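S.K.:
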Amino acid sequence: IAGITQAPTSQILAAGRRMTLRCTQDMRHNAMYWYRQDLGLGLRLIHYSNTAGTTGKGEVPDGYSVSRANTDDFPLTLASAVPSQTSVYFCASSYSGSVGYGYTFGSGTRLTVV
Amino acid sequence: GQNIDQPTEMTATEGAIVQINCTYQTSGFNGLFWYQQHAGEAPTFLSYNVLDGLEEKGRFSSFLSRSKGYSYLLLKELQMKDSASYLCAVRDGDYKLSFGAGTTVTVRA
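Residue numbers (the numbering used here), protein chains in the order written: chain A, 1 to 114; chain B, 1001 to 1109.
Next comes the structure, spelled out in structure tokens:
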């Protein structure tokens, strides 16, 4: 079934630890995105990639890094987790050549940093 | 950047109509989207407007006025399953989406 897969589904992480959230899509979308969703703040863009080999910073990039080695994978790394990074993380993808096409979202990763 | 405002909560009765307003100020505009998000789930695409006017899709309609920076999502014949959060999102010239904080709609029997 075509779509986006995120792993893990949920995680409790000790502060200071390193963590990589995985995201894989099989729709051959050129663009991929990472958002965090916090109560009352909505979805905020962390990092994005318009095509394999390129990445860009979103609204809240500090403390996060990404890579885009190929079309399908877009991992998000927290180098040294802090409690303020407790959130639900959504990966999304899109095909920017399709005008009316929005994003397809993964099912999310619920991360708790303690 | 983008500044997107929508009401925090709305409540309506089953079978009724609810209109969710969204106002935006953007540095670039390439379309407006509405997403539905049930609790604990991912957002799912509802509608897209890039030109002024009304787009109708079954029980859901979305309207856009670019000159006013205004959109609304109209939900008709409300059902209990429509209880969810509705997200207004604006796409910029680089195809990135900025989201409002979302409107939680509660449908009562």
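No residue lacks a Cβ here, since even glycine has one placed at the ideal position from N, Cα and C. Quick caveat, the model's predicted, so the values are computed rather than measured.
Verify whether the separation of the beta carbon atoms of Leu-1046 (chain B) and Phe-1060 (chain B) is less than 7 angstroms.
M.R.: Yes, they are a contact pair.
S.K.: Please state the DSSP three-state secondary structure of Lys-1096 (chain B).
M.R.: Three-state result, Lys-1096 (chain B): coil.
S.K.: Return no unless some Cβ of chain B is closer than 7 angstroms to the Cβ of Leu-43 (chain A).
M.R.: Yes, because at least one Cβ of chain B sits closer than 7 angstroms to the Cβ of Leu-43 (chain A).
S.K.: Shortest alpha-carbon distance to Leu-1064 (chain B) belongs to which of B:Val-1105, B:Met-1010, B:Leu-1032, B:Asp-1092?
M.R.: That would be B:Leu-1032, whose Cα lies nearest to the Cα of Leu-1064 (chain B).
S.K.: Is Met-27 (chain A) helix, strand or coil when you go by DSSP?
M.R.: Of the three classes helix, strand and coil, the one that applies to Met-27 (chain A) here is coil, per DSSP.
S.K.: May I ask you to report which of helix, strand or coil DSSP gives Ser-80 (chain A)?
M.R.: In the structure shown, Ser-80 (chain A) sits in coil (DSSP, three-state: anything other than H, G, I, E or B).
S.K.: Please confirm if Gly-1069 (chain B) has its CB atom under 7 angstroms from at least one CB of chain A.
M.R.: No, because no Cβ of chain A sits closer than 7 angstroms to the Cβ of Gly-1069 (chain B).
S.K.: Does the distance from the C-beta atom of Gln-1036 (chain B) to that of Tyr-1072 (chain B) stay below 7 angstroms?
M.R.: Their beta carbons are not under 7 angstroms apart, which means Gln-1036 (chain B) does not touch Tyr-1072 (chain B) by this criterion.
S.K.: So Phe-74 (chain A) contacts chain B; which residues on that side make the cut at Cβ distance below 9 angstroms?
M.R.: What Phe-74 (chain A) touches in chain B: nothing, since even the nearest Cβ is about 14 angstroms away.
S.K.: Where does Asp-72 (chain A) fall in DSSP's three states?
M.R.: Coil.
S.K.: Alpha carbon to alpha carbon, what distance is there between Ala-1084 (chain B) and Met-1010 (chain B)?
M.R.: If I take the Cα positions, the gap works out to 10 angstroms.
S.K.: Sorted by chain position, which residues of the same chain lie with C-beta nearer than 6 angstroms to Tyr-103 (chain A)'s C-beta, five sequence neighbours on each side aside?
M.R.: The answer, listed in chain order, is Ala-92, Ser-94.
S.K.: Give every residue of the same chain whose Cβ lies closer than 6 angstroms to the Cβ of Gly-108 (chain A), excluding the five residues on either side of it in the sequence, and list them in chain order.
M.R.: Answer for Gly-108 (chain A): Val-88, Phe-90, listed in chain order.
S.K.: By alpha-carbon positions, which one of B:Asp-1005, B:Val-1018, B:Thr-1008 ends up nearest to Arg-1108 (chain B)?
M.R.: Comparing Cα-Cα distances from Arg-1108 (chain B) to each of B:Asp-1005, B:Val-1018, B:Thr-1008, the minimum goes to B:Val-1018.
S.K.: Which residues, taken in chain order from the segment 1028-1047 of chain B, show a beta carbon closer than 8 angstroms to some beta carbon of chain A?
M.R.: Under the 8 angstroms Cβ criterion, the segment 1028-1047 of chain B contributes Gly-1031, Phe-1033, Tyr-1035, Glu-1041, Ala-1042, Pro-1043, Thr-1044, Phe-1045.
S.K.: Quick check on the DSSP output: what are the complete beta strand (DSSP E) runs of length 3 or more inside the segment 1035-1088 of chain B, in order along the chain?
M.R.: The qualifying runs are 1044-1049, 1053-1057, 1060-1065, 1070-1075.
S.K.: Gly-187 (chain A) touches chain B at which residues, Cβ-Cβ below 9 angstroms?
M.R.: Nothing can be reported for residue 187 (chain A), as the shown portion of chain A is limited to 1 through 114.
S.K.: Who are the Cβ neighbours of Leu-1054 (chain B) in its own chain at under 7 angstroms, not counting the five residues just before and after it?
M.R.: Cβ neighbours of Leu-1054 (chain B) beyond the five flanking positions: Ser-1061, Phe-1063.
S.K.: Verify the CB distance criterion: does Tyr-48 (chain A) have a CB-CB separation below 7 angstroms to chain B?
M.R.: Yes - at least one Cβ of chain B is within 7 angstroms of the one on Tyr-48 (chain A).
S.K.: When the distance is taken between beta carbons, is Val-82 (chain A) closer than 7 angstroms to Ala-14 (chain A)?
M.R.: It is not a contact, given that the beta carbons lie outside the stated cut-off.
S.K.: Going along chain A, which residues have a C-beta under 7 angstroms from Phe-1099 (chain B)?
M.R.: Correct list: Gly-42, Leu-43.
S.K.: Of all the options A:Gly-56, A:Gln-6, A:Ala-79, A:Ser-84, which has the alpha carbon lying nearest to the alpha carbon of Thr-24 (chain A)?
M.R.: Closest option to Thr-24 (chain A), Cα to Cα, is A:Gln-6.
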